[in-house]
Amino acid sequence: MSEQLEPELERIARKLAAAGPLPDAPASLRERTLAIPDAAAETVQETGNVVPIARRARRRPRTSILAGIAAVAAAIVIVPTVVILHGGSDNAEHVALDPRGFAPKGSGSASVATHGDGSATIAMRVWGLPTPSAGRTYEAWLGRAGDRRPLGTFSTKADGTANVSFTLTRRELGAYKWLWVTNEPAGGSSQPSNRTALWGSLT
Amino acid sequence: MTRISRQSAATIVATTTTSERLLAHIAHGDRGAFAELYDRYANAVYGACLRVLREPHAAEDAAQEAFAAIWRHAGAFDAARGAAGAWIGRVARNAALDANRRRALRATAPEVDPVDDRENPEDLAVAADEAFRLRMALDALPERERTVLTLAYTDGLTQSEIAERLDLPLGTVKTRTRSGLARLADQLERVQ
Chain A
675 MSEQLEPELE RIARKLAAAG PLPDAPASLR ERTLAIPDAA AETVQETGNV VPIARRARRR
735 PRTSILAGIA AVAAAIVIVP TVVILHGGSD NAEHVALDPR GFAPKGSGSA SVATHGDGSA
795 TIAMRVWGLP TPSAGRTYEA WLGRAGDRRP LGTFSTKADG TANVSFTLTR RELGAYKWLW
855 VTNEPAGGSS QPSNRTALWG SLT
Chain B
2 MTRISRQSAA TIVATTTTSE RLLAHIAHGD RGAFAELYDR YANAVYGACL RVLREPHAAE
62 DAAQEAFAAI WRHAGAFDAA RGAAGAWIGR VARNAALDAN RRRALRATAP EVDPVDDREN
122 PEDLAVAADE AFRLRMALDA LPERERTVLT LAYTDGLTQS EIAERLDLPL GTVKTRTRSG
182 LARLADQLER VQ
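Respectively, the protein sequence lines represent chains A and B. Using the numbering used here, you'd call the opening residue of the first sequence number 675 and step up by one each time. Using the numbering used here, you'd call the opening residue of the second sequence number 2 and step up by one each time.
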């Protein structure tokens, strides 16, 4: 725009240009949002023109479902075991695990399978991982925005390879978008560090 | 004492378009009003969250948090103290900042919810709030002015290109640009 404008209008024009185009909200947001009244157990009424500060994380419908099965999840044993390629899977997805900063020469793949009995298996094969230092180990994670779930710890052989398998429920698996491996203190962590060795996206 | 039954609320919503009225009906549990408010503000709320969080999934979560807060706290809105758009913008900003704080508290893999240290989240939130109000004000402009301003300052077209695109005299484009910006400045004051 080459037209000379008064300073006030020029200021507005600059702001308008800086604001940029409005992004389209994801289609999934509408469904999630319109489910809020169903999920809301209570309505907090306040007086005055108070802007609510959402200090507490509210459960969204999807997470409330997960919370509902939390007790079941607690009972699920997630034990890394030597993989024997599992059979009988109804639906398998292969995920490439790409190297990240902690293991620049590392690589891996995972077969993510769901089964008719409601279970799911993640069979992961990794190679090129550096041997963890004393008191350290590797840990696998599932995650999505704002939510990480530790799958379990595992060790590598001297040549940097490992074959491990994790079991969880199909419903749990369906909620997550990423699979990754980090280096953690022996015994594992409840939250992943940023020492990321491998990274893959679930589709 | 004014009491709005759900049935009468639905009737009113059907003939009322102000966001302030929608919030009043949401405060009474009107889901139709909530859906209408969502459709009106979804892109702006999501955009404000994305501007702060810079990650689509995190922004989607924060936008949902914002709408959940609107659902829970619509009764706290007081039209006498400000416009609905400004209030919703602040709710979105707070939801995004809270999400950013939670994200910063977690030790995360860098690929997940990357925390951007290059800019202060509070500054980003202020910019997001300003952009939100600007978009609300832009939406309130007459279509002919809104179109010209959008083509000029969002799409980056020159006035000559806009004139060609809209098949208008160049002078008309200049006039609409100037009047649109002036009206925008006025609208911005109203949604403070």
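Built from N, CA and C at the ideal position, the CB exists for glycine as well.
In this structure, B:Ala-69 is the residue among B:Arg-134, B:Thr-148, B:Ala-69, B:Ser-180 with its C-alpha nearest to the C-alpha of Asp-712 of chain A. Residues of the segment 80–109 of chain B whose Cβ lies closer than 8 Å to any Cβ of chain A, in chain order: Ala-81, Arg-82, Gly-83, Trp-88, Arg-91, Val-92, Asn-95, Ala-96, Asp-99, Ala-100, Arg-103, Arg-104, Arg-107, Ala-108, Thr-109. The C-beta distance from Leu-139 of chain B to Arg-147 of chain B rounds to 6 Å, short enough to fall under 8 Å. Within chain B, the C-beta atoms nearer than 7 Å to that of Ala-693 of chain A come from Ala-132, Leu-135, Arg-136, in chain order. Cβ neighbours of Val-46 of chain B within its own chain (closer than 6 Å, five residues either side excluded): Ala-64, Ala-67, Ala-93. Residue range 821–828 is occupied by the beta strand (DSSP E) that includes Thr-827 of chain A. For Glu-680 of chain A, there is no enclosing beta strand (DSSP E), since its DSSP letter is neither H nor E.
If you ignore the 5 residues before and after Leu-152 of chain B, its C-beta comes within less than 6 Å of the C-beta of Leu-158, Ile-163, all in its own chain and listed in chain order. Per the DSSP secondary-structure output, Tyr-812 of chain A pairs in a beta bridge with A:Phe-828, A:Asn-857. Beta-carbon to beta-carbon, Pro-859 of chain A and Gly-826 of chain A are separated by about 14 Å, too far to satisfy the 8 Å threshold.
With fewer than 16 neighbouring CB atoms inside 10 Å of its own CB, His-768 of chain A falls in the exposed class.
Residue-level contact check: Asp-62 of chain B touches chain A, since one or more beta carbons of chain A fall below 8 Å from its beta carbon.
Against chain A, the CB of Ala-25 of chain B has no partner CB under 8 Å away; the residue lies outside that interface. Nearest to Asp-833 of chain A by C-alpha distance, out of A:Gly-775, A:Ser-781, A:Glu-684, A:Ser-875, is A:Ser-781.
Inter-residue distance for Asn-837 of chain A and Gln-865 of chain A is about 23 Å (C-alpha atoms, whole angstroms). With a threshold of 16 other beta carbon atoms within 10 Å, Leu-171 of chain B falls short and is exposed.
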